[in-house]
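Peer 1:
Numbering (the UniProt record's numbering), first residue to last: 1 to 193.
(1) According to DSSP, is residue 41 part of a helix, a strand, or is it coil?
(2) Tell me, please, whether the region 126 to 142 touches the region 153 to 173 by the rule of three or more beta-carbon pairs shorter than 8 Å.
(3) Within 8 Å, do at least three Cβ pairs link the region 65 to 82 to the region 33 to 52?
(4) Between the alpha carbons of residue 32 and residue 42, how many angstroms are there, rounded?
(5) Between the C-alpha atoms of residue 112 and residue 155, what's the straight-line distance to the nearest angstrom?
(6) Evaluate residue 169 with the Cβ neighbour count: other Cβ atoms within 10 Å of its Cβ, from every protein chain shown; 16 or more gives buried, anything less gives exposed.
(7) Which runs of the alpha helix (DSSP H), 4 residues or longer, sit entirely within the UniProt domain "RNA polymerase sigma-70 region 2" (24 to 88)?
(8) Using C-beta distances below 8 Å, list every residue in its chain close to residue 23, excluding the 5 sequence neighbours before and after it, in chain order.
(9) For the candidate residues 59, 86, 126, whose alpha-carbon lies nearest to that of residue 45?
(10) If you draw a straight line from the C-alpha of residue 130 to the C-alpha of residue 142, how long is it?
(11) Using a threshold of 7 Å, is the CB atom of residue 162 nearer than that to any non-hydrogen atom of the ligand MG?
(12) Give me the Cβ distance between residue 71 and residue 28, rounded to the nearest whole Å; I'm assuming they're in contact under 8 Å.
(13) With respect to the alpha helix (DSSP H) encompassing residue 4, which residues constitute its N-terminal and C-terminal limits?
(14) Is it buried or exposed for residue 50, if we count other Cβ within 10 angstroms and need 16 for buried?
(15) Within 10 angstroms of the Cβ of residue 127, are there 16 or more other Cβ atoms? Answer buried if so, exposed if not.
(16) DSSP three-state label for residue 129, please.
(17) Less than 6 Å between C-beta atoms, sequence neighbours within five positions excluded: which residues of the same chain meet that for residue 13?
(18) Helix, strand or coil for residue 157? Go by DSSP, reduced to three states.
(19) In three-state DSSP terms, what is residue 168?
(20) Enumerate in chain order the residues of its own chain whose CB-to-CB distance from residue 78 is below 7 Å, with the five nearest sequence positions on each side excluded.
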């Protein structure tokens, strides 16, 4: 968790001490990987983010504050790199469709609390623009985790109607992505649920 890293390590890193760099890598690389994986759901791409993140740390070590929060610094770099990767993925419609189809909303109970809060607010704004029936069906599916049949039974409509509403809702979300820099939507922990 990086608890053994202190200002001495940062001072040594700034001075170009490779042993200090190795200790910092050991302490934080798995956290950076987990953060990247939340966005990308791809092991190889997440490993690449880890490498880029620590290359960035090494090349910009002279800018570090010895009393600063090193994890926060790495977190910001890793998040930016991950979002850049997502932007590239979004240029492929097929990959973007796969990601959007896994959107799920989670409660604010992870170590990335601020990020989740931002994501939830952004998603809520888009979902709130959907027609009422689409909103309801989307929430029952992605928040309550009900199957199409369960939703159909609850709303007394056909499963096919539920499916059509979900297709339209996802199409709207995808089109919002195409016109927005906030690719955050893709990062809504799409593997959960």
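In this text, a Cβ means the ideal position worked out from N, Cα and C, and glycines have one as well.
No experiment lies behind these values; they were computed from the predicted model shown.
Peer 2: Let me lay it out:
(1) Taking the first residue of the chain shown as 1, we reach residue 41 at position 41. Residue 41 falls in the coil class under three-state DSSP.
(2) yes
(3) yes
(4) As a first step, residue 32 is located in the chain shown; it is residue number 32 there, counting from the start. As a first step, residue 42 is located in the chain shown; it is residue number 42 there, counting from the start. Taking the straight line joining both Cα atoms gives about 13 Å.
(5) Numbered from 1 along the chain shown, position 112 holds the residue referred to as residue 112. Numbered from 1 along the chain shown, position 155 holds the residue referred to as residue 155. Note that residue 112 has pLDDT 47, beneath the 50 cutoff, so the model's placement of it is unreliable and no number is given.
(6) Locating residue 169 in the chain shown gives position 169, where the first residue counts as 1. So residue 169 counts as buried.
(7) As far as the UniProt domain "RNA polymerase sigma-70 region 2" (24 to 88) is concerned, its whole alpha helix (DSSP H) runs of at least 4 residues are 43 to 59.
(8) For the purposes of this step, residue 23 is taken as the residue at position 23 of the chain shown. Beyond the five residues adjoining it in sequence on each side, residue 23 comes within less than 8 Å, by CB distance, of 4, 5, 9 in the same chain, given in chain order.
(9) Here residue 45 corresponds to residue number 45 of the chain shown, with the count starting at 1. Comparing Cα-Cα distances from residue 45 to each of 59, 86, 126, the minimum goes to 86.
(10) Translated into positions along the chain shown, residue 130 becomes position 130. Translated into positions along the chain shown, residue 142 becomes position 142. Taking the straight line joining both Cα atoms gives about 14 Å.
(11) This structure lacks the ligand MG; in fact it carries no ligand of any kind.
(12) Sequence index remark: in the chain shown, residue 71 carries index 71 (1-based). Sequence index remark: in the chain shown, residue 28 carries index 28 (1-based). Residue 71 to residue 28, Cβ: 6 Å. Contact.
(13) By 1-based counting over the chain shown, the position of residue 4 is 4. Taken as a continuous stretch (DSSP letters only), residue 4 belongs to no alpha helix (DSSP H), as it is neither H nor E.
(14) Taking the first residue of the chain shown as position 1, residue 50 is located at position 50. The residue is buried, with at least 16 neighbouring Cβ atoms inside 10 Å.
(15) On the chain shown, residue 127 is found 127 positions in, with the first residue counted as 1. Residue 127 comes out buried.
(16) Start at 1 with the first residue of the chain shown, and residue 129 comes out as number 129. Three-state DSSP puts residue 129 in coil, outside helix and strand.
(17) Locating residue 13 in the chain shown gives position 13, where the first residue counts as 1. Excluding sequence neighbours, residue 13 sits near 20, 21, 61.
(18) Reading the chain shown from its first residue, position 157 is the one you call residue 157. Note: residue 157 maps to coil in three-state DSSP.
(19) Position 168 of the chain shown holds residue 168. DSSP, read as helix, strand or coil, puts residue 168 in helix.
(20) As a first step, residue 78 must be located in the chain shown, where it is residue number 78. So the qualifying residues of the chain are 32, 35, 36, 49, 53.
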